[in-house]
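Take 1368 as the starting number for the sequence shown in our numbering and just add one per residue.
Beta carbons: idealized from backbone N, C-alpha and C, even for Gly.
Notes follow the structure.
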Amino acid sequence: MKKFRNIRRIFAMGIFAAAALAACSDDPDTPDPVTLGFAPLSGVENVVFSQNKLTVTASGATVSIGLTDEDGGAISNLNLAAKVSGTGETAWCKASVEAGKLRLAIDPYTDKETERTADVEVFSDATYVTPVSLTVVQKAQPKLTASSITAFSFEEQSGPATIDQEALTIAVTVTRGTDVTRLVPTIEVSEGATVSPASGAEQDFSQPVKYTVTAEDGKSRSEYTVTVSVAKSSEARLLSFRVTTEPVVEGIIDEENHTVLLKVPYSDQWPWYYTYQEYEISEGATAGEIQFVDSWDSSFKDPATITITAEDGVTQVTYTIMAEMLPNPNAEITRMLFLDPETSAPTPGVYSALLDAEAKTITIYVRPDLDRSSLTPTINCSANAELTPASGTAQNFSSPVKYTVTSEDGQTTVEYTATAVELTDVQVETVDVEAGSFILGDHPKSPKENKHEVTLTKDFAIGKYEMTQDVFSKVMGFNESTVMGDDLPVTGVTWYDAAEFCNRLSEIKGLEPAYRFEQVTYKQGSGRISSAVVVYDHSSAAGYRLPTDAEWEFAARGGNRSENYVYAGGDDANEVSWNRNNAKDEQPHPVGTKQPNELGIHDMSGNVYEWVYDWKWPYGKEPTGPETDPTGAPGPEGLPSWEDYRYQRGGDFKCSDSSIYYIYSRINTPDSKGDGIGFRIALTKK
C-alpha cells in the first residue's frame, strides 16, 4: 500500500463533515495514516488538491500541504483516520479532492443506509496548528412509502399472475384438479413493506381473498383482491357410450382412432331400438347431436358421428359410432315345408311338418298311401346356420332322418330327428243343425233394414267350437296366431287358408273336397294361396266347408230351437262371449269356456271373427225378398279384385256389446288376416 507523509508544517485548520456511507477499511495491516488536526478556521474560499498538494485558501491566504508517497511519487487520494462521533472508533476512510473540496467517504450509521459522500469545508484564518479529531455528523435515511405487491404465485398455477396495480386486483389461474381451498401463495412486496395475510400462509381461494400491504413508514397501505380460477380443460373425450334398451350394449371406444364399436346381439332384423343411448364425456365438455347418415334411421347400422367440445371451447374431437351384429348363436330348425320349387304349391299328400323345439323332433304328417322314399323338404333354420343334409335335398322318409344344425358362431350344434307319420284322423267336434226357416237380419234390439225370410232346405253340421290351433297346425303345417295355445282359436288365417283347410280335412276324413281351386298363385316359399278362383256347388258339396252366411246366422240364433236371445246363447254378453268388457288381456281365450247357445255351440258371439263362405253383395242390391239356400252374390269372374270381399261373422274379443250381435257382420278381402280372425267348419248332412 502507498504511504503518505507530511513534507511541510501545516497551518492550523478546522473541518466540518456531513456523514455518509464510506469505503473505509479496518485492515490491521494498513499503516497508520497521516493524521490531520485542524484548529477552527473561517473564511475558506477554496480547497484544491493538485500536483500532490492540498491547497486551502481562506480570507485571501493560501495554505498548501505537499503530499507524496514514501518514494516521492504523486498521489491522487488521501487516507485519513476519521473518528466517528459517539462511538470512539476510528475507521479508515477514503478521501479525494474534487472541485476545490475535500471529499470523504465513511461508514454508515446503520446497515440500512446507502453509501454517502460528505463535503469538508476548510475555514478560519488561524496560523497555529492545533491537532483536532475529525467529527462526523450522520443523518438517518427517510423511511419508504411504497405499499405494492410486486409478485404473487402458487406452485399450482398454470401461468403468471396478472397484477393490476391501478385496480389493486390479482388474477391467478391454477391447473385443473387443484384444490383451491388449500393454496399457499408466495408473495413479494415493496422494499421494507409487509403483507397480511403473510406470504406462505395457506388460504381458501374458493372465494376472493383480500391482502393488505403496509409500507415501511407504517402509514401507507394498499388492499389487493386476489381471485383464483381453475384452468379450463382442453380434454375432449368420449368416456363411455351405451345403448340403453334391452339388451344394453356397451360401446368399445378406440381413443387412438376416435371410434366407438357397438357389438349388437344377433337379431333377424336390425334393432331399431338402438336409437336410445347414453354417454359420458370429459368434465366440463359438451357433446353435439349425433349425426346419422339417414335422419330416419338412427340404429347405427350406418356409421354416425358425435363431436365433443372441450371446456376451453377450442379443442374438438369427432368420434365415429359404428355397430356390427354379432354372429347368430342359434342353431334351430324353424320350419319344414314340402313345396314345388317352382310354384311353391304344397307337395300333394304331405299335410304338415310340426316341430317340437324342446324334443328336437319334426313330425311329418302324410297321407297313408304317400310314397315317402323321395321327399324333398324346404327347411328354414336360424339365420346363417349350417344344415346337414342341406335344405332342398331329397330324403327317404320311410325311416327317421337326422338333421344337424350348426350355429353361425360355430358354438352350438343341435340334432333334429324328422319322422313321417300317417295322418288318418283328426278330432273335430260338430253339432247337427236341422233345416228350417228364419228371418235373416232380424234382431230383438237392432234389426237390419234388409231383413228377409231365408229357408235352409238341408240339414248341416257346424263346428261346436272355433277351429283350434292344435288341429289347424296338424292339417296345414303352420300357425301364425298372435297368441299361441293348442286350445285357443287359430288366428292369422286368410279365407283361402280356411277353405284349403276344409279340403284337407275332407281328404283326411275320406270325403270329396267341397272346393275346387283354379288359377291359383302361392306366396313364395310358404305354400299358402295368395289368390285363386274358387268353384263351389253348395247343392252337391260333400266335404267339409265353411258355413254360408245364412247357415252361420241360423246356427247362431239357435236354429229351430231359438229363444230369440240378444246374443248367441243368452241376453248377457259376458256370459256367452269374450268381448272388450271381460277380455281385459285383449286376446283370444280358449274355445268353449263361455256358455253355449240353444244348440250347444260355443263362441258364436265374440272371441274371434269367423270367416263364412259368401261373397259380398253389391252395395244397394242386398236381397229383401225370400231366399232358399243362399250362398251370397256370385263370385267375380277371373282373379279377385278390390271388390272381392268375403263376410266375417260374430265379432271378437275387442268388440263392444252391439258388435257381437249374431246379425253383425263385416267384410274383408280373402287374402287378409288378423289377430282376431278365425273360422269354424260346416258339413252338409246327407
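Rounded distance between the beta-carbons of residue j and residue i, thought under 8 Å
| i | j | result |
| --- | --- | --- |
| SER2039 | THR1915 | Contact flag wrong, Cβ pair sits at about 20 Å. |
| THR1797 | LEU1629 | At roughly 56 Å, the Cβ-Cβ gap does not stay under 8 Å, so THR1797 and LEU1629 are not in contact. |
| THR1858 | GLY2041 | 7 Å |
| TYR2012 | THR2036 | 6 Å |
| ALA1752 | ASP1635 | At roughly 12 Å, the Cβ-Cβ gap does not stay under 8 Å, so ALA1752 and ASP1635 are not in contact. |
| ASN1946 | ASP1864 | With a Cβ gap of about 25 Å, ASN1946 and ASP1864 do not count as contacting. |
| SER1600 | ALA1528 | Wrong, their Cβ atoms sit about 21 Å apart, outside the cutoff. |
| VAL1631 | MET1692 | 5 Å |
| GLY1618 | ILE1688 | 7 Å |
| THR1553 | SER1563 | Not a contact, Cβ separation roughly 15 Å. |
Limits of the unbroken alpha helix (DSSP H) element including residue i
| i | result |
| --- | --- |
| VAL1943 | 1940 to 1943 |
| ARG2016 | It is not in any alpha helix (DSSP H) - ARG2016 instead sits in the beta strand (DSSP E) that spans 2013 to 2016. |
Element boundaries [beta strand (DSSP E), containing residue i]
| i | result |
| --- | --- |
| ASP2049 | Here residue 2049 is Ala; the residue named in the question, Asp, does not match the sequence. Looking at the DSSP string, the run of the beta strand (DSSP E) that includes ALA2049 is 2049 to 2051. |
| SER1589 | 1588 to 1597 |
| PHE1572 | It is not in any beta strand (DSSP E) - PHE1572 carries neither H nor E in the DSSP assignment. |
| CYS2022 | CYS2022 -> no beta strand (DSSP E), and no H or E assigned at all. |
| LYS1577 | 1576 to 1581 |
| LEU1721 | 1717 to 1723 |
| LYS1630 | 1626 to 1631 |
| LYS1769 | 1768 to 1773 |
| ARG1609 | 1605 to 1610 |
| GLN1636 | It is not in any beta strand (DSSP E) - GLN1636 carries neither H nor E in the DSSP assignment. |
| GLN1962 | Where GLN1962 is concerned, there is no enclosing beta strand (DSSP E), given that its DSSP letter is neither H nor E. |
| ILE1657 | No beta strand (DSSP E) holds ILE1657; DSSP gives it neither H nor E. |
| LEU1754 | 1753 to 1755 |
| ASN2035 | 2032 to 2035 |
| TRP1978 | 1976 to 1982 |
| THR1728 | 1728 to 1733 |
| GLY1936 | No beta strand (DSSP E) contains GLY1936, which DSSP labels as neither H nor E. |
Cβ-based neighbour list, residue i, same chain, cut-off 7 Å, excluding 5 preceding and 5 following
| i | result |
| --- | --- |
| GLN1778 | PRO1696 |
| SER1840 | SER1719, LEU1721 and ASN1846 |
| SER1589 | SER1514, SER1515, LEU1535 and VAL1580 |
| GLY1526 | THR1540 |
| ALA1598 | SER1525, THR1540, VAL1541, THR1542 and ARG1543 |
| LEU1754 | ILE1746, CYS1748, TYR1770 and VAL1772 |
| ARG1924 | PHE1805 and TYR2029 |
| VAL1576 | GLN1570 and VAL1593 |
| HIS1810 | TYR2028 and ILE2030 |
| VAL1781 | ALA1698, GLU1699, LYS1727 and VAL1772 |
| GLU1647 | LEU1606 and SER1607 |
| ASP1826 | ASP1799, VAL1800, GLU1801, ALA1802 and LYS2052 |
Neighbourhood of residue i by C-beta, 6 Å cutoff - its chain only, sequence neighbours within 5 removed
| i | result |
| --- | --- |
| SER1893 | none |
| ARG1734 | GLY1716 |
| GLN1891 | SER1711 |
| TRP1919 | VAL1979 and ARG2016 |
| ASP1396 | Residue placement at ASP1396 is flagged as unreliable, the pLDDT there being 43, under the threshold of 50; the coordinate-derived value follows with that caveat. Once the five neighbours on either side are set aside, ASP1396 has no close Cβ partner at all. |
| ASN1927 | GLU1801 and GLY1803 |
| GLU1879 | ALA1909 and GLY1910 |
Proximal residues to residue i (C-beta, below 8 Å), its chain only, five neighbours per side dropped
| i | result |
| --- | --- |
| THR1454 | Caution applies to THR1454, whose pLDDT of 44 falls short of 50 and renders its modelled position unreliable; the model cannot decide the point. |
| PRO1993 | HIS1819, GLU1820, VAL1821 and THR1822 |
| ASP1837 | ASP1853 and ASP1854 |
| GLY1999 | THR1915, ASP1916, TYR1980, ASP1981, TRP1982, LYS1983, TRP1984 and TYR2014 |
| VAL1660 | ASP1669, PRO1670 and ALA1671 |
| GLY2043 | THR1858, PRO1955, VAL1975, TYR1976, ASP2019, PHE2020 and LYS2021 |
| SER1813 | SER2025, TYR2028 and ILE2030 |
| ILE2034 | LYS1983, TYR2012, ARG2013, TYR2014 and GLN2015 |
| THR1611 | TYR1643, GLN1644 and GLU1645 |
| ASP1546 | none |
Q.
Quick check for students: name the residue ranges of the beta strand (DSSP E) that lie wholly in the stretch 1788 to 1869, counting only runs of 3 or more.
A. With a minimum length of 3 residues, the continuous beta strand (DSSP E) runs that stay inside the stretch 1788 to 1869 are 1797 to 1800, 1803 to 1807, 1819 to 1823 and 1827 to 1830.
Q.
Could you tell me which whole alpha helix (DSSP H) segments of length 4 or greater appear in the stretch 1518 to 1566?
A. Here no run is fully enclosed.
(Q) Using 8 Å as the cut-off, can you tell me whether the stretch 1641 to 1653 makes contact with the stretch 1564 to 1572, which would need three or more C-beta pairs spanning the two stretches below that distance? (A) The stretch 1641 to 1653 vs the stretch 1564 to 1572: no contact.
Q | Runs of beta strand (DSSP E) wholly within the stretch 1862 to 1933 (minimum 3 residues, chain order) | A | The qualifying runs are 1882 to 1889 and 1896 to 1903.
Q: Scan the stretch 1678 to 1715 and note each continuous beta strand (DSSP E) run of 3 residues or more that stays entirely inside, going in chain order.
A: For the stretch 1678 to 1715, whole beta strand (DSSP E) runs of length 3 or above, ordered along the chain, are 1683 to 1692 and 1700 to 1704.
Q) Does the stretch 1759 to 1772 come close enough to the stretch 1680 to 1690 to have 3 or more Cβ pairs within less than 8 Å? A) With a cut-off of 8 Å, the stretch 1680 to 1690 and the stretch 1759 to 1772 do not count as touching, because too few Cβ pairs lie within range.
Q) Using 8 Å as the threshold, is the stretch 1895 to 1908 in touch with the stretch 1923 to 1937, meaning 3 or more CB pairs across them? A) With a cut-off of 8 Å, the stretch 1923 to 1937 and the stretch 1895 to 1908 do not count as touching, because too few Cβ pairs lie within range.
Q. How about the stretch 1586 to 1594 and the stretch 1603 to 1613: do they share at least three Cβ pairs that are nearer than 8 Å?
A. With a cut-off of 8 Å, the stretch 1603 to 1613 and the stretch 1586 to 1594 do not count as touching, because too few Cβ pairs lie within range.
Q. Three or more beta-carbon pairs under 8 Å between the stretch 1507 to 1522 and the stretch 1579 to 1590, yes or no?
A. In the pairwise beta carbon analysis, the stretch 1507 to 1522 is classified as touching the stretch 1579 to 1590: at least three pairs are separated by under 8 Å.
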